[in-house]
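Participant:
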Amino acid sequence: MRFVTKSLLRMVAIDAANADLIVNISNDTWFGRSIGPMQHLQIARMRALENGRSLLRGTNNGLRQLLSRRKRVSQLPQFEQGVLMGEVMAMVGPTPYSRWLDPRRLHQHVLIAVAGVVRYRS
């Protein structure tokens, strides 16, 4: 299992394509009562949705969430203590998004398309 703490980076999405599930542990207290923790949560959820993976997210300010692969959401409110329980299923294999929009592979798809156009025109 690989722990990722910087869900804002595109490389996390690339790593997530090879993960069984996504675990996001974050220190969001420095955001205070701003919209920052919610934005951070939304970004982590987007990475999980793109890659068809469950998301387990824990923070020290109480905004915890479990997003299952069936997109069922369990969440605890911010700044409240509690225990979040649920079930997640590990997944394998890439989604179409992670397979085709991986920037490391995107150049290959572009080159193949350009070669096809050039060959067709000649």
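Using this note's numbering, read the sequence shown as starting at 411 and increasing by one per residue. All C-beta atoms in this analysis are idealised placements derived from N, C-alpha and C, irrespective of residue type, glycine included.
Helix, strand or coil: which one does DSSP assign to G468?
Facilitator: The sequence position of residue 468 within the sequence shown is 58, counting from 1. In the three-state reduction of the DSSP assignment, G468 falls in the strand class.
Participant: Do the CB positions of A429 and R467 come within less than 8 angstroms of each other?
Facilitator: Along the sequence shown, read from residue 1 onward, the residue named residue 429 stands at position 19. Along the sequence shown, read from residue 1 onward, the residue named residue 467 stands at position 57. Not in contact: A429 and R467 (Cβ atoms no closer than 8 angstroms).
Participant: Tell me the DSSP secondary structure of S444 in three-state form.
Facilitator: Here residue 444 corresponds to residue number 34 of the sequence shown, with the count starting at 1. DSSP places S444 in coil when its eight states are reduced to three.
Participant: Can you look up Q518 in the DSSP assignment and give me helix, strand or coil?
Facilitator: Here residue 518 refers to the residue found at position 108 when the sequence shown is read from its first residue. The answer is helix: DSSP assigns Q518 an H, G or I state.
Participant: Considering only their Cβ atoms, is the gap separating N471 from T505 smaller than 8 angstroms?
Facilitator: Working through the sequence shown from its first residue, we reach residue 505 at position 95. Working through the sequence shown from its first residue, we reach residue 471 at position 61. In this structure, N471 does not lie closer than 8 angstroms to T505 by Cβ.
Participant: Considering Cα atoms alone, identify which of R443, G442, P447 is closest to S436.
Facilitator: On the sequence shown, residue 436 is found 26 positions in, with the first residue counted as 1. When each option's Cα is compared against that of S436, the closest is P447.
Participant: Just mark I522 as buried or exposed, buried being the case when its beta carbon has 16 or more other beta carbons within 10 Å.
Facilitator: Counted from its first residue, the sequence shown places residue 522 at position 112. Exposed: under 16 other Cβ atoms inside 10 Å.
Participant: Helix, strand or coil: which one does DSSP assign to V483?
Facilitator: Here residue 483 refers to the residue found at position 73 when the sequence shown is read from its first residue. Reduced to three states, the DSSP call for V483 is strand.
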